[in-house]
Every structure is written in C-alpha cells, then in structure tokens.
Amino acid sequence: MKGPLFYSKILLFGEYGIIKDSKGLSIPYNFYNGALKSDGLDSEIAIKSNNNLKRFVEYLKGISPELVTFDLETLERDVNEGMYFDSSIPQGYGVGSSGALVAAVYDKYAQEKITVLENLTREKLLVLKTIFSEMESFFHGKSSGLDPLNSYLSIPILINSKDNIEATGIPSQKSDGKGAVFLLDSGMIGETAPMVSIFMENMKQEGFRRMLKNQFIKHTDACVDDFLKGDFKSLFLNTKKLSKVALNHFKPMIPQQFHALWKNGLDTNDYYLKLCGSGGGGYILGFTEDIEKARQSLKDYKLEVVYNF
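Using UniProt numbering, the first residue of the sequence shown is number 1, and each one after it goes up by one.
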C-alpha cells in the first residue's frame, strides 16, 4: 500500500512576521514529497517513523472531537501493522516535513474531511488551518497550521492576517528567466522551537517590537504585494531591505558562518538572502536578478532553483 504524495512547501515571505499578523506567501515545492506506506519496516528510518506515528496516534486521541474526528481504530491498526511515512523531505530544513505527514494522515483518516475538490471558502480554509495547527503542534509545540495546509492543498496560499487566508495564483514562471528564487543549503539542521523562543524573548523589548512593525512587517507586506503583481523591480528593492533587517535583527537565526555571505549579497547586489522558515540552519532562501551571477558568487555552495522569472 502506498498513499497519495504530499509535497514540501516554501514560505517565500512571512517568517516570524505572520506570528504578528504580517502578510505571508507560501508555495508548494514539488521537489520533495512524502507518502504513507505499508511495505514492511526494513530500514531504521521506517522503524523510527513508525514509532513516531505510534506516539502521534496517542496524541490525536486527545484532540477535541468537536474540531475533528479520525477513524482511530483503522489508523491504530495500520500503524501497529507497520505503516510509516516515507519521505524525501529533509527534516529541520524549513520546507515542511511534519506538515506533509499531517496532511497525509488527515487525508486518509479524518472523518467528514474537507476535500481539495470542494469550493474552498475562506471559512473552510480557516477550519482546515485550525485542525492542522492542532495536529502539527505534536511536532513543534506551537504550529500555525500553514505547512500542512499548503501540503494538503498543493496550491499557493496568501496569508493576509491570522484569520484571513486565501488560495492565490502566482505569476507563471519563465523557464529561461534570469531572475530566480533559490534555496541555499546551510548543511545544518535547524530546530524550530528554540528559534521561536528566541524571537518571543526579543518580543518583550519595545525596540524590537517597533522594528518588527515599522520595518520587518512593512517590507514583508511590500514583498508579498510585489511578487503577486509580478513587479520584480520593486520586489528586489524590498527584498534587499528585508534581507538587511534580518541581518541586523535576526542574527541568532542565521548560522554564524553565513553572516559574511549574507552581507556580501547586500554589498554586491548579486543576490539577497532571507530566512527560510525559522532559520538556525536548514535552507536559506535567496533572491537574485541574475542566477548565473549568484551561482558564481556562491560557487562553494549547493543552490536549488525554486522559481524562475
């Protein structure tokens, strides 16, 4: 048995800001995916995943039936018979590994589930987001529910604010475009929970809150608007501002050995870097007007192009 595939996601804009109601834009990233499988536990990874699922089942039993009900009997039986989540999505890289697992479990075992095929009103999207937030909190301590939502629907999602999200279209890619969004592999695993607690600690300072509102969120919102309009000239100006604010105020979330690389992008304009998810490792997101120039500047690193324009 192999279930349907669920894809990874990339939050192009909105990391940390969406905690405080900035806009956000999340897109599916089909390069990585995962599926529920029952074909024998013949690897250490499969055994680990199966054990993880056993704990997840116990956690799901505690979710309020008013929010969502699962066919727990079948789920428990399948897990006890060796079901696991087979995934190529790297963990701790900010591309939504737990989100894809949550989407797969909801899709297969939720009762009276909201399906991708129905008319997805804002209300339905919010209900899904709330369910997914509750489910994914098992992995992160606190989850917005956006990663599983993106994985489940496999369409770009525009976050206007906490209670206002919608499916959206993004400008179509130009396969021969020089401009690109890319992923840069930091070679380290990032942990979400400690990064979020550093952020929450910083939020206690008035100066940090002011910076977040007047700079970080302002530039994030402008980037989302530019990207959706396809105004890439303005997008690069605003991404540069966002990159600078991140370097000045989110240093703990940027691995130490990337501080100079980050600054080099701002000085040369060959590329601009930003956090991908909570940071601390995993992937770093890059934007460039000329992908060949960026490749040259970053020749010692592995780049994966996500989007061309």
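Beta carbons: idealized from backbone N, C-alpha and C, even for Gly.
Requested in this report: Classify Ala246 as buried or exposed, calling it buried when 16 or more other Cβ atoms lie within 10 Å of its own Cβ.
Outcome: buried
Query - Integer-rounded CB distance, given that Gly92 should sit under 8 Å from Glu191 - result: 6 Å
**Report entry** Bridge partner(s) assigned by DSSP for Thr288
**Finding:** Ala180.
Report task. For the alpha helix (DSSP H) holding Val95, just list the boundary residues, first then last. Result -> Annotation: Val95 is outside any alpha helix (DSSP H) and is labelled neither H nor E by DSSP.
Query - Buried or exposed (CB count within 10 angstroms, at least 16 for buried), Leu25 - result: buried
Query - Where Leu303 falls: helix, strand or coil (DSSP) - result: strand
**Report entry** Alpha-carbon to alpha-carbon, Val105 and Asn214
**Finding:** 40 Å
Query raised in the report: How would you call Ala222, buried or exposed, if buried means at least 16 neighbouring beta carbons within 10 angstroms?
Result: buried
Query - Environment of Lys251 [buried if 16+ CB atoms lie within 10 Å] - result: exposed
Query - DSSP three-state assignment for Phe87, whether helix, strand or coil - result: Residue 87 is actually Ser in this sequence, not Phe. Reduced to three states, the DSSP call for Ser87 is strand.
**Report entry** Assumed close pair Phe236, Glu289 - CB separation to whole angstroms, cut-off 8 Å
**Finding:** A Cβ-Cβ separation of about 6 Å places Phe236 in contact with Glu289 under the 8 Å criterion.
Query raised in the report: Does the Cβ of Ile284 lie closer than 7 Å to at least one heavy atom of the ligand NAP?
Result: Questions concerning the ligand NAP fall outside what the structure shown contains, since it holds no ligand whatsoever.
Report task. Report the residue from Phe138, Leu36, Lys293 whose alpha carbon sits nearest the alpha carbon of Arg55. Result -> Cα-wise, what sits closest to Arg55 is Phe138.
**Report entry** Residue of Leu12, Ile19, Ser8, Phe13 minimising C-alpha distance to Met195
**Finding:** Ile19
Query raised in the report: Taking C-alpha atoms, which residue in Phe182, Val181, Gly145 lies nearest to residue 375?
Result: Because residue 375 is not part of the residues shown, which for the chain are 1 to 309, the question remains open.
Query raised in the report: Which value, in whole angstroms, describes the spacing of the CA atoms of residue 326 and Glu66?
Result: For residue 326 there is no data in the structure shown, the boundaries of the chain being 1 and 309.
Report task. Grab me the residues of Asp147's own chain with a C-beta within less than 6 Å of its C-beta, minus the 5 sequence neighbours each way, in chain order. Result -> Lys9, Gly96, Gly99
Report task. Can you give me the start and stop residues for the beta strand (DSSP E) that Asn164 sits inside? Result -> 164-167
Query - Gly230 burial status per 10 Å Cβ neighbour count (16 or more: buried) - result: exposed
Requested in this report: Can you check DSSP and say which residues form a bridge with Ile27?
Outcome: Ile10
Report task. Taking 8 Å as the cut-off, decide whether the C-beta atoms of Asn308 and Gly177 are in contact. Result -> Yes; because the gap between Cβ atoms is below 8 Å, this pair is in contact.
Query raised in the report: For the 8 Å Cβ check, are there 3 or more pairs between the segment 151-170 and the segment 273-282?
Result: Contact fails: fewer than three Cβ-Cβ distances are below 8 Å.
Query raised in the report: Can you name, in chain order, every residue of its own chain whose Cβ lies under 8 Å from the Cβ of Glu136, other than the five neighbours on each side?
Result: Ser98, Gly99, Val102, Ser143, Gly145, Asp147, Pro148
**Report entry** Runs of alpha helix (DSSP H) lying entirely within the segment 16-61, each at least 4 residues, in chain order
**Finding:** You should have 44-60.
Query raised in the report: Where Ser154 and Phe6 are concerned, what is the direct C-alpha to C-alpha distance, given to the nearest angstrom?
Result: 8 Å
**Report entry** DSSP beta-bridge partners of Ile157
**Finding:** Ser26, Ala167
Query raised in the report: Do you know how far the Cα of Gly82 is from the Cα of Phe70?
Result: 19 Å
Report task. Look at Ile89 and Tyr32 and say whether their C-beta atoms are less than 8 Å apart. Result -> yes
Requested in this report: Buried or exposed for Pro171, please, with buried defined as at least 16 other CB atoms from any protein chain shown within 10 angstroms of its CB.
Outcome: exposed
Requested in this report: Measure the Cβ-Cβ separation of Lys174 and Gly3 and say whether it is below 8 Å.
Outcome: Not a contact, by the Cβ cut-off of 8 Å.
Query raised in the report: With DSSP run on the structure shown, which of helix, strand or coil describes Leu274?
Result: According to the sequence provided, residue 274 is Lys. The question's Leu does not apply to it. The three-state secondary structure of Lys274, taken from DSSP, is strand.
Query - Sequence-distant residues of its chain with Cβ nearer than 6 Å to Ile63 (five each side left out) - result: Glu134
Query raised in the report: Which of the three DSSP states, helix, strand or coil, is assigned to Asn238?
Result: helix
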